[in-house]
Amino acid sequence: MMNNKKEWDTASLGVTYQMSLDAFLKDSYHASYSKSQAYEDALMKLKEMRQYRGWQKKKYIAHQALLICRECIEAYLAMGLYCDDMFETLKVYKEGMELATMSLGREYFQQPVSDFYELDDARVFFHMKFAYACALYEVGYMRRSQAQFQEILSLNPSDVFGVRYYLYAGFLYFEEYEKFKQLYERYPKQDTFTLYANFLYYYKKQLLSEAKVLLRPLLEYNRYLYEVMSYERMNTATIQKRLAPGSNEEAAYCYAILQKVTNALEYLPTFMVKEKNKEEASV
């Protein structure tokens with residue numbers, strides 16, 4: 007059981023990278039929409055998680071919090087995070103997301119608001135929905151996860167959770183290249199993931215000259231990317247809450263999303279070897 011949990015922690019980067027409960031476990035945190043003392047009592051129970059390191063104990067505390075108040079959305083977030091089975095996580099997150107949506111009400115998102123993440127009472131909804139979308143992605147329900155990520159991005163165009171990266175991966179997987187282009191035009195900022203996604207886009211369309219142009223800037227953005235994609239560094243990186251640009255952890259983040267939809271060795275490492283062989287043959 008412990009080995010399964012370790013594998014799930016490593017694989018579920020969306021949950022471990024951006025779905026930290028830290029913000030909800032601070033002493034100053036109170037649910038802005040809480041209407042009952044039971045809800046506040048459940049939050050106080052959750053804060054006991056800070057005293058323990060073991061995920062089994064944390065899961066037990068989350069379960070206790072739900073017994074105190076079944077409407078405590080943060081408890082669903084914690085419960086799913088520390089499940090030892092990904093399908094159990096998926097079930098818990100689905101229940102939490104549905105509850106978070108009902109708590110806000112149908113008319114909530116009809117307000118004339120450009121970015122709903124800026125509203126404090128919507129924050130836990132976004133965390134819950136993102137966790138559910140990532141769980142869908144992890145178990146391979148790509149179409150369903152894409153729908154969730156699209157909804158998140160439409161409600162939070164500033165993309166606090168980086169859902170566009172998952173959308174890039176999905177568009178490549180389903181070969182929806184026009185949607186890929188439209189999303190890139192909407193978010194043109196360059197980073198390691200975006201460059202690599204564009205490399206894959208050109209490669210999969212057999213636009214090899216365009217793909218080759220991206221090799222130098224791609225490896226300048228992150229010198230660890232090739233080693234991660236060729237499995238030379240796969241056990242040396244850990245997913246963290248904040249990824250430094252150009253870091254080993256950032257390269258692992260790119261791999262963890264894209265390995266669900268591509269064979270890592272099939273693209274960047276293979277392409278670079280072919281290019282190197284061409285250069286050597288021409289000398």
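Mapping to the working numbering: the sequence shown position 114 is 120, numbers consecutive.
In this text, a Cβ means the ideal position worked out from N, Cα and C, and glycines have one as well.
Among the options, which one has its Cα closest to the Cα of residue i?
i: ARG192; options: MET108, ASP165, LYS218; result: ASP165
i: LEU213; options: LEU231, TYR183, TYR230, THR198; result: TYR183
i: PHE93; options: ASN162, SER109, GLY146; result: GLY146
i: MET235; options: THR268, MET50, VAL169, TYR209; result: THR268
i: TYR251; options: LYS266, ARG229, TYR261, VAL98; result: The sequence as given places Pro at residue 251; Tyr does not occur at that position. Selected option, being the one with the closest Cα: ARG229.
i: PRO223; options: GLN196, LYS185, TYR45; result: GLN196
i: TYR66; options: GLU77, GLY86, ASP47, ILE79; result: GLY86
i: GLY60; options: ILE79, ASP90, LEU73; result: ASP90
i: LYS51; options: GLN70, GLN62, TYR58; result: GLN70
i: LYS53; options: ALA68, GLN62, SER42; result: ALA68
i: PHE180; options: PRO194, GLN188, MET148, ASN204; result: MET148
i: ALA203; options: SER253, GLN188, CYS260; result: CYS260
i: ARG76; options: GLN57, TYR58, GLU46, GLN62; result: GLU46
i: PRO163; options: GLU144, THR276, LEU189; result: LEU189
i: ARG129; options: TYR143, GLU144, PHE167; result: PHE167
i: ALA257; options: LEU225, GLU216, LYS266; result: LEU225
Would residue i pass as a contact of residue j if the rule is Cβ separation under 8 Å?
i: LEU264; j: TYR227; result: no
i: PHE131; j: THR107; result: yes
i: MET55; j: ALA81; result: no
i: GLN152; j: GLY176; result: yes
i: LYS210; j: LEU178; result: yes
i: ALA48; j: THR95; result: no
i: TYR232; j: LEU206; result: no
i: TYR99; j: LYS64; result: no
i: LEU161; j: PHE199; result: no
i: ALA44; j: ILE79; result: no
What residue does the alpha helix (DSSP H) around residue i start on, and which one ends it?
i: ASP90; result: Premise fails: ASP90 is in no alpha helix (DSSP H) and is neither H nor E.
i: ARG192; result: 183-192
i: THR200; result: 198-210
i: VAL219; result: 214-219
i: VAL234; result: 231-235
i: LEU264; result: 254-264
i: LEU52; result: 43-52
i: GLN62; result: 61-74
Can you find a CB in chain B that lies within less than 8 Å of the CB of residue i?
i: MET50; result: Given the protein chain composition of this structure (a single chain), no chain B is represented.
query: Quick one: any contact between the stretch 95-113 and the stretch 135-155, if contact means 3 or more CB pairs under 8 Å?
result: Two segments are said to touch when three or more pairs of C-beta atoms, one from each, lie closer than 8 Å; by this definition the stretch 95-113 touches the stretch 135-155.
message: Suppose only complete runs of 4+ residues qualify. What are the alpha helix (DSSP H) ranges in the stretch 110-183, listed by chain order?
response: Unbroken alpha helix (DSSP H) stretches of 4 residues or longer found wholly inside the stretch 110-183: 129-145, 148-161, 169-179, given in chain order.
- request: Assess, as a yes-or-no matter, whether the stretch 109-127 is touched by the stretch 168-181 under the definition of 3 or more beta carbon pairs within less than 8 Å.
  value: The stretch 168-181, when compared against the stretch 109-127, does not touch it at the 8 Å Cβ threshold.
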